[in-house]
Amino acid sequence: MVRMYKGIASVGMAAGLVVTGALSAQAWTWASSSNPIVMSGGGGYGNIIYGGVDYKLQSWLRDTKVGDGRVYAHVRVTRKSDNSVFHYLSSGKRSDGESSYARMADKTGYLDNGTGTFRYRVDTCRSVTLNDPCSEDKRYSP
């Protein structure tokens, strides 16, 4: 039997995902409601659900400033072997000025043939003209 290894994991979790044959979805929390990523005027928390050759970004966001852009979660996936950027994915955007968190639409990214080991970085950003500022608080997989 051939084994493939995936290394998308949550903060503090060192073990990778071992893929053997059929794969059930695995979920990792990139930030929790009790420890969200924060930035001026917003922030968020959520999960990455890995399903073999794809991954899904789930996010709960808040945007406390009306009229200055839209808050979104941003994921950067890199290959562990050479640290090259493999894929970017952004969540749905929120711009309602509310202080409570709301669930955004899930977004799906693909990892080609599903082989290799990957890392991710998640931060929250604000959509504005020409330059999207992002949170200084970033969460990394091990």
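Quick note, the numbering used here runs 16 ahead of the 1-based positions in the sequence shown. Glycine included, C-beta positions come from ideal geometry on N, C-alpha and C.
For T124, the enclosing beta strand (DSSP E) starts and ends at 123 to 126. Non-local beta-carbon contacts of R92 in its own chain, meaning distances under 7 Å to residues more than five positions away in sequence, involve V101, Y104, Y136, R137 in chain order. S75 and N63 have their C-alpha atoms roughly 7 Å apart. Residues of the same chain with a CB within less than 6 Å of the CB of M55, apart from the 5 flanking positions on each side, are T140, S151 in chain order. In this structure, R142 places its C-beta atom within 9 Å of the C-beta atom of G58.
Scanning V69, W44, T80 for the CA closest to the CA of S116 turns up T80. The beta carbons of L73 and D122 sit about 7 Å from each other, so the pair counts as a contact at 8 Å.
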